[in-house]
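Below you'll find the structure, written out as structure tokens, and then a few comments.
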Amino acid sequence: MAGVVHDRAAGSRRQRTRIRRVGLAAVVLAVAGLVAACSGGGGTVDATGGGGFNFVQQSAGKDFVPAGNRHEAPELAGKNLDGAAFDVASLRGKIVVVNFWASWCAPCRAETPGLVQLSKANPTVAFLGVNEKDPSGAKAFVRDNGVPYPSVVDRLGTLAAGWPVAPGLPSTFVLDANGRIAARFTGPVVPEDDLKPVLTRLQAEA
Numbered sequence: 048m049a050g051v052v053h054d055r056a057a058g059s060r061r062q063r064t065r066i067r068r069v070g071l072a073a074v075v076l077a078v079a080g081l082v083a084a085c086s087g088g089g090g091t092v093d094a095t096g097g098g099g100f101n102f103v104q105q106s107a108g109k110d111f112v113p114a115g116n117r118h119e120a121p122e123l124a125g126k127n128l129d130g131a132a133f134d135v136a137s138l139r140g141k142i143v144v145v146n147f148w149a150s151w152c153a154p155c156r157a158e159t160p161g162l163v164q165l166s167k168a169n170p171t172v173a174f175l176g177v178n179e180k181d182p183s184g185a186k187a188f189v190r191d192n193g194v195p196y197p198s199v200v201d202r203l204g205t206l207a208a209g210w211p212v213a214p215g216l217p218s219t220f221v222l223d224a225n226g227r228i229a230a231r232f233t234g235p236v237v238p239e240d241d242l243k244p245v246l247t248r249l250q251a252e253a
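According to the numbering used here, the stretch in the sequence shown is residues 48 to 253, in order.
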């Protein structure tokens with residue numbers, strides 16, 4: 048009888064060990080999947096003085112704010128890639144697309160051609176980039192890709208810290224003509240599918 052009890056106890060321990068191993072494997076796989084989705088294999092770049100920006104590979108998540116619930120956008124002023132002073136307040140009266148990006152961010156690079164095309168197709172809408180961390184790389188990227196709109200340099204991430212930007216790039220905002228945040232996109236956008244309908248709605252409000 049003692050041998051039977053011993054065998055049962057040993058079997059129970061082995062079963063618990065297998066369960067723990069399976070559970071640990073599941074946790075490892077879940078964490079690995081999360082890291083792959085958020086960083087796209089690109090790692091983290093310290094752009095916020097203690098925090099970091101990851102790549103966001105997934106399709107953009109969209110938040111549209113009805114006119115009655117909108118709040119004024121935070122301040123956004125600094126020097127552009129050419130060293131000239133720029134303030135988003137100077138664009139008041141226009142619909143503005145604000146895109147937080149970096150040249151080291153693969154999803155940012157992927158969405159750029161669509162943003163360029165949309166900006167050219169909507170001359171009454173102002174487009175503004177906010178470049179995180181890498182002005183030298185950004186200047187070459189803007190030149191090589193024919194980006195027609197300006198980008199404000201955010202060397203330390205202080206501008207992004209003042210906006211409801213997720214810890215991932217790219218992030219895109221659309222301001223209405225009164226300078227209020229009307230829409231927010233977290234992750235890469237397909238401008239024709241994601242931004243154009245928002246611009247149409249805001250143009251109809253005017």
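Idealized CB from N, CA, C, for every residue including glycine.
Secondary structure of residue 233 (DSSP, three-state): strand. Taking C-alpha positions only, residue 109 is separated from residue 233 by approximately 7 Å. Separation of residue 240 and residue 165 (C-alpha to C-alpha, rounded to the nearest whole angstrom) is 11 Å. Beta-bridge analysis with DSSP links residue 136 to no other residue. Residue range 173-179 is occupied by the beta strand (DSSP E) that includes residue 175. With a threshold of 16 other beta carbon atoms within 10 Å, residue 137 falls short and is exposed. A straight line joining the alpha-carbon of residue 228 with that of residue 206 spans about 15 Å. Within 10 angstroms of the beta-carbon of residue 111 lie fewer than 16 other beta-carbons, which makes it exposed.
For residue 186, the enclosing alpha helix (DSSP H) begins and ends at 182-192. A distance below 8 Å separates the beta carbons of residue 146 and residue 177. Residue state for residue 116 is assigned as helix, using DSSP reduced to three classes. DSSP places residue 143 in the uninterrupted beta strand (DSSP E) bounded by 143-148. Beta-carbon to beta-carbon, residue 154 and residue 210 are separated by about 18 Å, too far to satisfy the 8 Å threshold. Using a Cβ distance threshold of 8 Å, residue 200 and residue 182 count as a contacting pair.
Beta-bridge partners assigned by DSSP to residue 247: none are found. CA-CA distance, residue 188 to residue 128, rounds to 11 Å. The Cβ atoms of residue 251 and residue 142 do not sit closer than 8 Å to each other.
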